[in-house]
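So the protein sequences, as listed, match chains A and B.
Following our numbering, the numbering of the first sequence begins with 314 at its first residue and continues without gaps.
Following our numbering, the numbering of the second sequence begins with 3 at its first residue and continues without gaps.
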Amino acid sequence: MKFCYFAVHVEIRFCLIGLVPLFRLNKMQLLICGIILIWFGQNSYSANNPVVLVQPQLASPLLLPYNPTQTTVSLEKPFCVFDTLNPSSNANVDVYVVLSSVASSTFTPWKNYKGTNGGSTGPYRAASFKLPNCASPAKLSDLSIPSKLLSTLNEYLIQIGNNSACVNDPAATDLCNGPLGVGAAYRFKFLLIDGALVKGETSWSEPVFTRQALDPADLDTWIGKRTGSSVVIASVLSSVTFLLLCLLIPMSIYELVHRVKGKWLSGCNHKPQMVETTFTMVIRECHW
Amino acid sequence: MAMSDEEKGGSVGLKALLVFCNVIIALCGLTLYAETIWVATDAYKVYPIVGVTGKDDIFAGAWIAIFTGFAFFCTAIYGIFALIQENRLMVVLYLGLLLIVYIFECASAITSFTHRDYMVSSSNLIKKQMLRYYTDNSTPGQLITNTWNKIMLGQQCCGTDGPLDWINYNSTFSATNTAPWPLNCCVRLRNFEVADQGACYAGDVRYVLTDGCFSYIAYSINRYTWGVSWFGFAILLFTNSELIATWLMEKGNHRVLRPR
Numbered sequence: 314m315k316f317c318y319f320a321v322h323v324e325i326r327f328c329l330i331g332l333v334p335l336f337r338l339n340k341m342q343l344l345i346c347g348i349i350l351i352w353f354g355q356n357s358y359s360a361n362n363p364v365v366l367v368q369p370q371l372a373s374p375l376l377l378p379y380n381p382t383q384t385t386v387s388l389e390k391p392f393c394v395f396d397t398l399n400p401s402s403n404a405n406v407d408v409y410v411v412l413s414s415v416a417s418s419t420f421t422p423w424k425n426y427k428g429t430n431g432g433s434t435g436p437y438r439a440a441s442f443k444l445p446n447c448a449s450p451a452k453l454s455d456l457s458i459p460s461k462l463l464s465t466l467n468e469y470l471i472q473i474g475n476n477s478a479c480v481n482d483p484a485a486t487d488l489c490n491g492p493l494g495v496g497a498a499y500r501f502k503f504l505l506i507d508g509a510l511v512k513g514e515t516s517w518s519e520p521v522f523t524r525q526a527l528d529p530a531d532l533d534t535w536i537g538k539r540t541g542s543s544v545v546i547a548s549v550l551s552s553v554t555f556l557l558l559c560l561l562i563p564m565s566i567y568e569l570v571h572r573v574k575g576k577w578l579s580g581c582n583h584k585p586q587m588v589e590t591t592f593t594m595v596i597r598e599c600h601w
Numbered sequence: 003m004a005m006s007d008e009e010k011g012g013s014v015g016l017k018a019l020l021v022f023c024n025v026i027i028a029l030c031g032l033t034l035y036a037e038t039i040w041v042a043t044d045a046y047k048v049y050p051i052v053g054v055t056g057k058d059d060i061f062a063g064a065w066i067a068i069f070t071g072f073a074f075f076c077t078a079i080y081g082i083f084a085l086i087q088e089n090r091l092m093v094v095l096y097l098g099l100l101l102i103v104y105i106f107e108c109a110s111a112i113t114s115f116t117h118r119d120y121m122v123s124s125s126n127l128i129k130k131q132m133l134r135y136y137t138d139n140s141t142p143g144q145l146i147t148n149t150w151n152k153i154m155l156g157q158q159c160c161g162t163d164g165p166l167d168w169i170n171y172n173s174t175f176s177a178t179n180t181a182p183w184p185l186n187c188c189v190r191l192r193n194f195e196v197a198d199q200g201a202c203y204a205g206d207v208r209y210v211l212t213d214g215c216f217s218y219i220a221y222s223i224n225r226y227t228w229g230v231s232w233f234g235f236a237i238l239l240f241t242n243s244e245l246i247a248t249w250l251m252e253k254g255n256h257r258v259l260r261p262r
């Protein structure tokens with residue numbers, strides 16, 4: 314069924330936008346196109362869809378301070394936004410994602426991540442979730458109960474770009490919430506899908522920049538100023554050592570010279586000698 | 003020894019003081035020895051972070067100080083004997099030995115402190131290393147990964163400056179993982195089970211550890227440096243005055259003993 318829709322939409326765009334190929338079509342094909350337009354006009358994206366003048370919002374930075382990351386963006390789910398359109402209880406909300414630079418007021422829905430090259434050629438359908446229950450929303454107090462936390466978070470938030478597995482999976486053709494580009498501006502839109510019909514939509518969000526990935530090589534590892542402690546240790550120790558060397562080296566030289574001279578002069582014979590000096594009598598010992 | 007009473011009295015007092023100083027140096031040497039063994043055994047388990055930078059001067063300084071600490075002890079004991087014996091050759095030898103040990107200890111103190119500045123003057127060096135090596139398959143990569151896992155788990159911290167490190171920069175981790183940050187950045191319960199992995203990876207502040215580990219690493223390295231450098235510095239200044247005093251005494255004795 315989904316494949317059918319996809320084909321139809323491709324056809325419609327072909328008829329509407331592909332003006333050059335239009336004259337190549339024969340009357341029969343033009344007729345078919347016209348019939349398709351009449352049949353599926355409400356289904357194709359057009360200004361006829363009621364637009365709710367609400368923009369998708371980023372999750373509160375108080376709750377998720379690291380949002381958006383390099384490849385993901387967490388949005389608040391649209392609570393009570395589509396109430397004026399009287400959605401049925403089993404209505405779904407689709408999230409469409411597009412690079413901000415190629416966003417336009419009209420687009421063809423149902424495209425997927427691969428078909429639009431991750432939103433770089435047009436909006437793609439990134440995620441689909443059940444319309445949040447406006448009448449009895451999940452209790453915010455449940456956020457403090459660990460067992461209920463994740464389900465409650467998921468009630469309120471939708472993370473775009475958190476499925477990198479489907480990007481290289483050939484089987485995943487329909488819904489792929491692939492990672493967003495790093496450091497790029499994206500816009501988001503919620504579409505209300507009731508049954509198989511697009512019943513309403515929000516405006517495009519403001520551009521949301523995913524986080525720029527910095528190169529760790531750019532980190533400046535320069536030490537900067539030496540700390541005072543290091544200067545003190547190095548300078549005090551070196552000057553004090555210099556002082557010590559100044560004292561001890563001459564002393565040892567003097568000592569050596571004196572000993573050699575003393576031994577040579579006195580002819581030391583390993584016996585203490587009494588020597589008379591000017592002031593007092595001292596024992597002259599032989600140290601060698 | 004026939005000294006005048008005055009000279010003898012002064013000399014004995016100075017000698018006693020010097021012996022006392024040597025006892026203190028011996029004790030300080032033992033303390034330095036024990037303390038730098040503690041540094042070299044790396045009680046805070048941050049050696050890989052220091053070692054993978056290619057320099058481990060803090061620990062080299064600690065190893066030198068293990069040697070000098072024990073050498074201070076031995077030399078001081080020898081010095082006590084030399085002073086008691088009043089053997090001038092022994093005292094001169096003691097001075098020479100102590101000077102050599104002194105110079106080695108200077109090297110240890112200065113090296114250790116300059117390397118501390120290199121490591122922790124800003125968090126960028128450690129951050130860069132973490133981004134480069136965390137979850138890398140190489141040997142240093144495994145060392146760094148283990149070290150960081152232990153630190154993040156034990157200290158309840160995440161990244162160098164916080165979880166933003168992991169999502170602001172390209173890293174080996176981000177190239178191979180879809181999670182925004184490692185699992186050890188997630189808050190854990192008392193039994194060390196991850197409290198809520200989904201909420202942690204979604205970035206819920208109550209389930210992500212928001213503090214960085216840099217303060218812990220800087221604290222460890224600072225403690226090591228205090229042990230090796232500042233304690234060494236204190237011993238060195240004390241030894242220095244003791245050396246000069248011994249030298250003066252020696253000089254004084256020399257004048258007394260030497261015939262004129």
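Beta carbons are placed, not taken as given, at the ideal position from N, Cα and C, and that holds for glycine.
In this text, all values refer to a predicted model and were calculated from it rather than measured experimentally.
For a test of the three-state rule: what should DSSP assign to residue i, helix, strand or coil?
i, result
"L335 (chain A)", "Residue placement at L335 (chain A) is flagged as unreliable, the pLDDT there being 40, under the threshold of 50; the coordinate-derived value follows with that caveat. Here L335 (chain A) sits in helix by DSSP."
"M171 (chain B)", "The sequence as given places Tyr at residue 171 (chain B); Met does not occur at that position. Three-state DSSP puts Y171 (chain B) in a strand."
"K10 (chain B)", "Confidence at K10 (chain B) is low in this model, with a pLDDT of 46, below 50, so the placement of that residue is unreliable and no value is reported for it."
"Q355 (chain A)", "Residue confidence for Q355 (chain A) is low, a pLDDT of 39 falling below 50, so the modelled location carries little weight; the figure read from the coordinates is stated next. If DSSP states are grouped into helix, strand and coil, Q355 (chain A) belongs with coil."
"N467 (chain A)", "helix"
"I237 (chain B)", "helix"
"L29 (chain B)", "helix"
"K538 (chain A)", "coil"
"I506 (chain A)", "strand"
"G347 (chain A)", "The pLDDT assigned to G347 (chain A) is 43, lower than 50, so where the model puts this residue is not dependable; a value taken from the coordinates is nonetheless given after this. Helix, per DSSP."
"N403 (chain A)", "coil"
"L16 (chain B)", "helix"
"I458 (chain A)", "coil"
"V189 (chain B)", "coil"
"Y437 (chain A)", "strand"
"R500 (chain A)", "strand"
"T515 (chain A)", "strand"
"F555 (chain A)", "helix"
"W249 (chain B)", "helix"
"L569 (chain A)", "helix"
"N242 (chain B)", "helix"
"L398 (chain A)", "helix"
"V21 (chain B)", "helix"
Contact check, residue i vs residue j under 8 Å by CB: the rounded distance?
i, j, result
"L504 (chain A)", "Y426 (chain A)", "With 8 Å as the limit, L504 (chain A) and Y426 (chain A) do not qualify as a contact, their Cβ atoms being about 16 Å apart."
"G474 (chain A)", "V386 (chain A)", "6 Å"
"T602 (chain A)", "C108 (chain B)", "Given a span of 314 to 601 for chain A in the structure shown, any question on residue 602 (chain A) remains unanswerable."
"L493 (chain A)", "T384 (chain A)", "5 Å"
"N405 (chain A)", "K443 (chain A)", "6 Å"
"F216 (chain B)", "T162 (chain B)", "5 Å"
Comparing alpha-carbon positions, which option in the options lies nearest residue i?
i, options, result
"V415 (chain A)", "A:N446, A:G435 and A:P450", "A:G435"
"I198 (chain B)", "A:L456, A:P529, A:E519 and A:K538", "Per the sequence presented here, residue 198 (chain B) reads as Asp, with Ile not at that position. Per the Cα distances, A:L456."
"N170 (chain B)", "A:P529, A:P520 and A:V521", "A:P529"
"T382 (chain A)", "A:K390, A:F392 and A:L371", "A:L371"
"T509 (chain A)", "A:S441, A:V480 and A:L377", "Before going on, a small fix: residue 509 (chain A) reads as Ala here, not Thr. Checked all of A:S441, A:V480 and A:L377; the closest Cα to A509 (chain A) is A:S441."
"N362 (chain A)", "A:I506, A:F392, A:P374 and A:A439", "A:I506"
"D533 (chain A)", "B:V122, B:I51 and B:I153", "B:V122"
"L344 (chain B)", "B:F74, B:V48 and B:L133", "The displayed coordinates of chain B run from 3 to 262. Any statement about residue 344 (chain B) would go beyond what the structure contains."
"I237 (chain B)", "B:S124, B:L127 and B:L101", "B:L101"
"K502 (chain A)", "A:Y469, A:S552, A:P459 and A:A439", "A:A439"
"P182 (chain B)", "B:G56, B:E195, B:S125 and B:L133", "B:L133"
"G432 (chain A)", "A:V364, A:I562, A:L466 and A:V480", "A:V480"
"N193 (chain B)", "B:F175, B:L155, B:T178 and B:F61", "B:L155"
"I112 (chain B)", "B:S124, B:S231 and B:T174", "B:S231"
"V48 (chain B)", "B:G81, B:S222 and B:L250", "B:S222"
"W150 (chain B)", "B:S140, B:T141 and B:Y135", "B:Y135"
"G81 (chain B)", "B:Y226, B:V21 and B:G229", "B:V21"
Where do the ends of the alpha helix (DSSP H) carrying residue i lie?
i, result
"E107 (chain B)", "R90 to V122"
"L127 (chain B)", "N126 to Y135"
"F216 (chain B)", "F216 to T227"
"K152 (chain B)", "T141 to Q157"
"V386 (chain A)", "First-last for V386 (chain A): V386 to E389, but that is the beta strand (DSSP E), not the alpha helix (DSSP H)."
"N201 (chain B)", "The displayed chain sequence assigns Ala, not Asn, to residue 201 (chain B). Here the alpha helix (DSSP H) through A201 (chain B) covers Q199 to A204."
Can you tell me where the beta strand (DSSP E) with residue i in it begins and where it stops?
i, result
"F61 (chain B)", "It is not in any beta strand (DSSP E) - F61 (chain B) instead sits in the alpha helix (DSSP H) that spans D59 to Q87."
Do we get a CB-CB distance below 8 Å when we pair residue i with the residues of chain D?
i, result
"S173 (chain B)", "Note that chain D does not occur in the displayed structure, where the protein chains are A and B."
Near-chain A residues of the stretch 116 to 135 of chain B - C-beta to any C-beta below 7 Å: Cβ contacts with chain A come from T116, D119, Y120, S123, S124, N126, L127, K129, K130, L133 and R134.
What residues in the stretch 200 to 221 of chain B have a beta carbon less than 9 Å from any beta carbon of chain A? From the stretch 200 to 221 of chain B, only G200, A201, Y203, A204, G205, D206, V207, R208, Y209, V210 and T212 have a Cβ closer than 9 Å to chain A.
Under 7 Å, CB to CB, which of the residues in the stretch 471 to 494 of chain A have a partner in chain B? Residues passing the 7 Å Cβ filter: Q472 and S477.
Members of the stretch 519 to 532 of chain A that neighbour chain B once the beta carbon cut-off is set at 7 Å: Answer in chain order: R524, A526, L527, D528, P529 and L532.
So if I threshold CB-CB distances at 7 Å, which residues from the stretch 436 to 465 of chain A count as touching chain B? Hits within the stretch, in order: P459, L462 and L463.
Quick one: which residues of the stretch 413 to 433 of chain A get their C-beta closer than 7 Å to a C-beta of chain B? List them in chain order. Hits within the stretch: zero.
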